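Below is one structure, written out as structure tokens, with a few remarks after it.
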Amino acid sequence: MRQRVIDILNQFRGDVDFDKAEGIITKKLINSIDISEFIPALEDEFDIEIGMEYMENENFDTVDAIVSMIEEIQEG
Amino acid sequence: MSIVSLPFLIFLLVTMTVFYICPVKFRWGVLLAASICFYVIVGKWIFLPVMIAEALIVWGGSFLIDRRYRAQDWIIKNGDGDKSFKNGIKKKYKKKCRRILVLTLTAVIGLLVFLKFARYLDEFLSGLFDMTNGSFIRAEMLIIPLGISYYTFSMAGYLLDVYWRREEHERNFLRFLLFAIYFPHIIQGPISRYNELGVELKKELRYERTRVAHGMQLMIYGFFKKLVIADRLNMVVSSIYDGRVHSGSIFVFAVFFDVVQIYTDFSGYMDIVTGASQIFGVTLEKNFDHPFFSKTVTEFWRRWHITLGGWFRDYVYMPVTLSSKMKKLNKFSKKHFPQAVSRFITVFIPVMITWIFMGLWHGTGMPYLIWGLYYGTLICLSELLAPFFRKTNEKLGFRDDSFFFNLFRMARTGLIFAGGRLLTRPGGLKNTKMVLGQIFTDLRPWKFFDDSIFYYNISSRQLNVVLLAILAVWGVSMLQRKGSVCEMLDRQHLIVRWAIIYAAFFAVLIFGVYGPKFDPASFIYMQY
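Chains as they are written, first to last, in this note's numbering: chain S, 19 to 94; chain Z, 960 to 1487.
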């Protein structure tokens, strides 16, 4: 799952090593316009719906945080 | 009572004395009482019940939403753990909560919209019913309560966060009221979030000498920006934008001075209130981050009025982007259109909706609508054309870390901002057209160097003072990028430190625009 998330992120910024990156949102590695495309891409890839309750920086700031969020949504 | 007046300083001193005499656990109560007094003194007494009623409505909505979520959690906890059962319950309760949310938001945002557009409604209805003897809507209903755009947005943000379960319901209404009415932020922001200001106000508010001293230093700097620069320039800019035709060069002065004025006015206000709040141990959210160092217009709006931009991003842009209709549209466009067109749709619609609302938040006339469209279009274009610009810059050899290239980009951003101001500041689109016409067809550049500008409410000495003050603010901004200037001051020798503080203090006293002869200009952002 981790690699799939990284692959999606790399579609927006191929020049960033997201595997180790921290501050994907807070350090503006991807901007808010990228996020608006990144979230639907995640939803399609993992067949989930990311509600507004998850729209917090900490849920998107590292790949690990994104993976945890997806797992939480999948568990319901 | 203006916050750049002696009565405000006396009010602050009295509040500070009572605040620190009181035991720590009652100090938030002192802030609440002081905030209520402040709101009544600064505005009209009638504004207070309107404000409290709005706070009650929002708090009531939050209370009801919280109750439903608690019921939902209890049912899920005591259920059989089946996933479809859980999802069914969540869906059912979400629907109930949404109903409360919509009703509450309709009430508070509806009031804001009504008050903002009441003037137009009144004109329309008066015309329709031929009201020759007066207005259709009673005059008292056309008065906009002080700070309503700011506190409504703060409270609406809190309610949405409770609905999205990003925020806990505040059980104590008086605590919630303090968050909404807290005097340093009620009139002109920052548009605070409950998870920031609400948390700050719940801390143990203890005396800390350094923090109080830094707060006072920040206030002096704010007074310097407002009284020495902004209010002086306001006199010049107002006399140029008087609806009459002047030479293009005089209008160029006005454009430049107006940009400096709005920055020093608004950021000066923020420094004063942030400093005042710091005296009580409460940190306000940052609203400015040296916007004129921005290289793009998108970056500019991340650094200018940060809390407003953040509010629109989180509560308008993201919900629109992630709405099911928008997602369907994106999927459809990805399937049927080339990538560039599909990306255009993804970016364009939410950005334009957000910026039209941003424009209408700033004002209700056509100039503000065009202002919103102006920024929306520029931001869409800069995002969509970013890859093209990157390639062009590479080909031309412009490097991102080049000093001169970045200087050019900052100047370009400043010009774009000045263009936006030109849409709203001269007073109507007709005047905007006239100003632009004069700049491009009747510049008369020699007027930049003769005495022409001194016919517009400013003397040669005053202009020199303002230019030196602007230079000082620029110097401080450069230092602020390296860290806290107050802490840098602390590290200086006692004599140097106090010499700088006294110099700033006396600069305000000697060069500031104040006193019985002058009516300090209202802060520009107060009207919103």
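Just so it is clear, CB atoms sit at the ideal spot from N, CA and C, and this is done for glycine as well.
Please read all numbers here as calculations on a predicted model, not as lab measurements.
- With fewer than 16 other CB atoms across the displayed protein chains lying within 10 angstroms of its CB, residue 62 (chain S) is exposed.
- Contact of residue 54 (chain S) with chain Z is assigned, a C-beta pair being separated by under 7 Å.
- Proximity of residue 1277 (chain Z) to chain S, defined by a Cβ-Cβ separation below 7 Å, is satisfied.
- Interface residue (Cβ-Cβ distance to chain Z less than 7 Å): residue 90 (chain S) is not classified as such.
- Secondary structure note for residue 69 (chain S): it is in no alpha helix (DSSP H), with a DSSP letter that is neither H nor E.
- Rounded to the nearest whole angstrom, the CA to CA distance from residue 1168 (chain Z) to residue 1151 (chain Z) is 25 Å.
- Rounded to the nearest whole angstrom, the C-alpha separation of residue 1106 (chain Z) and residue 1038 (chain Z) is 47 Å.
- By the beta-carbon neighbour count (other beta carbons within 10 angstroms, threshold 16), residue 1263 (chain Z) is buried.
- Interface criterion met: the Cβ of residue 1042 (chain Z) is under 7 Å from a Cβ in chain S.
- With respect to chain Z, the C-beta atom of residue 19 (chain S) has no partner C-beta closer than 7 Å.
- In the displayed model, residue 1263 (chain Z) falls within a strand according to three-state DSSP.
- Contact annotation: the stretch 1271 to 1279 of chain Z touches the stretch 1301 to 1318 of chain Z, with at least three C-beta pairs closer than 8 Å.
- Beta-bridge pairing by DSSP links residue 1247 (chain Z) to Z:1263.
- In this structure, residue 51 (chain S) lies near residue 1342 (chain Z), with their beta-carbon atoms less than 7 Å apart.
- Counting the other Cβ atoms within 10 Å of the Cβ of residue 1133 (chain Z) gives fewer than 16, which makes it exposed.
- Per the Cβ contact rule, the stretch 988 to 1007 of chain Z is not in contact with the stretch 77 to 93 of chain S (fewer than 3 Cβ pairs under 8 Å).
- Taking C-alpha positions only, residue 1236 (chain Z) is separated from residue 989 (chain Z) by approximately 13 Å.
- Residue 94 (chain S) reaches chain Z at 1042, 1045, 1046, counting residues in chain order whose Cβ is nearer than 8 Å.
- For residue 57 (chain S), the residues of chain Z that pass the 7 Å Cβ criterion are 1281, in the order they occur in the chain.
- Listed in chain order, the beta strand (DSSP E) elements of length 3 or more contained wholly in the stretch 1289 to 1376 of chain Z amount to none.
- Between residue 1044 (chain Z) and residue 1177 (chain Z), the alpha-carbon positions lie close to 56 Å from each other.
- Annotation: residue 1346 (chain Z) to residue 27 (chain S) spans about 17 Å, alpha carbon to alpha carbon.
- Contact note: residue 73 (chain S) reaches chain Z through 1123, 1125, 1273, 1277, 1278, 1281, using a C-beta cutoff of 9 Å and chain order.
- Counting only residues of its own chain and dropping the five nearest sequence neighbours on each side, residue 1066 (chain Z) has a CB closer than 7 Å to the CB of 1016.
- In this structure, DSSP gives residue 1201 (chain Z) a state outside helix and strand, which the three-state scheme calls coil.
- Between residue 1227 (chain Z) and residue 1175 (chain Z), the beta carbon gap of about 15 Å keeps them out of contact (Cβ cut-off 8 Å).
- Residue 1105 (chain Z) carries a coil assignment under DSSP once its states are collapsed to helix, strand and coil.
- From the beta-carbon of residue 1306 (chain Z), the residues of chain S found nearer than 7 Å are 51.
- A distance below 6 Å between beta-carbons, with the five flanking residues on each side excluded, links residue 1232 (chain Z) to the following residues of its chain, in chain order: 1143.
- The three-state reading of DSSP puts residue 1065 (chain Z) in helix, counting H, G and I together.
- Looking at the backbone, the Cα of residue 1464 (chain Z) and that of residue 1246 (chain Z) are separated by about 24 Å.
- Around residue 22 (chain S), the same chain offers 63 as residues with beta carbons nearer than 7 Å, after the five sequence neighbours per side are excluded.
- Per DSSP, the continuous alpha helix (DSSP H) segment holding residue 1236 (chain Z) begins and ends at 1207 to 1238.
- In this structure, the beta-carbon distance from residue 1173 (chain Z) to residue 1436 (chain Z) does not fall below 7 Å.
- Across the structure, residue 1069 (chain Z) and residue 66 (chain S) are spaced so that their CA atoms are roughly 34 Å apart.
- For residue 70 (chain S), at least one C-beta of chain Z is nearer than 7 Å to its own C-beta.
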